[in-house]
Amino acid sequence: MIDQNQIREHQEVIGADGAHVGTVDRVEGGRIKLTKTDSGEGAHEGHHHFIPLSLVADIEANRVRLSAKGADAVSFEEEEGGKATH
-16 MIDQNQIREH QEVIGADGAH VGTVDRVEGG RIKLTKTDSG EGAHEGHHHF IPLSLVADIE
44 ANRVRLSAKG ADAVSFEEEE GGKATH
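Per the numbering used here, the very first residue in the sequence shown carries number -16; after that it's consecutive.
1) Counting only the same chain and skipping the five closest in sequence on each side, list residues whose C-beta sits under 7 Å from that of residue -13.
2) Expressed to the nearest angstrom, what Euclidean distance is found between the alpha-carbon atoms of residue 8 and residue -5?
3) Quick one: using the 10 Å Cβ neighbour count with 16 as the cut-off for buried, is residue 14 buried or exposed?
4) What first and last residue would you give for the alpha helix (DSSP H) that runs through residue 53?
5) Distance, Cα to Cα, residue 25 vs residue 2?
6) In whole angstroms, what separates the C-alpha of residue 40 from that of residue 19?
In structure tokens form, the structure reads like this:
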């Protein structure tokens, strides 16, 4: 299990394949809260998304690497309020 205290604001969140998923705003309620400014496009734009800590595989310097590929990790994202986005 990853020590969530190692996850810091402004770290890049990447998938297992190295694809950019988002940027850490903070850890909140057992999830990584991504910044609004790096939240995606269309319906995903302009609000926070959350990634479950259970998807974190490693913390490398200034990056949080997930166990899922970037495109797959997006399907695990939740919006504020805990609703899945996909």
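Note that the Cβ used here is the ideal one computed from N, Cα and C, for glycine as well.
This is what the structure gives:
1) 10, 36
2) 10 Å
3) buried
4) 53 to 56
5) Note on residue 25: pLDDT 46, under 50, position unreliable in the model; no value is reported.
6) 23 Å
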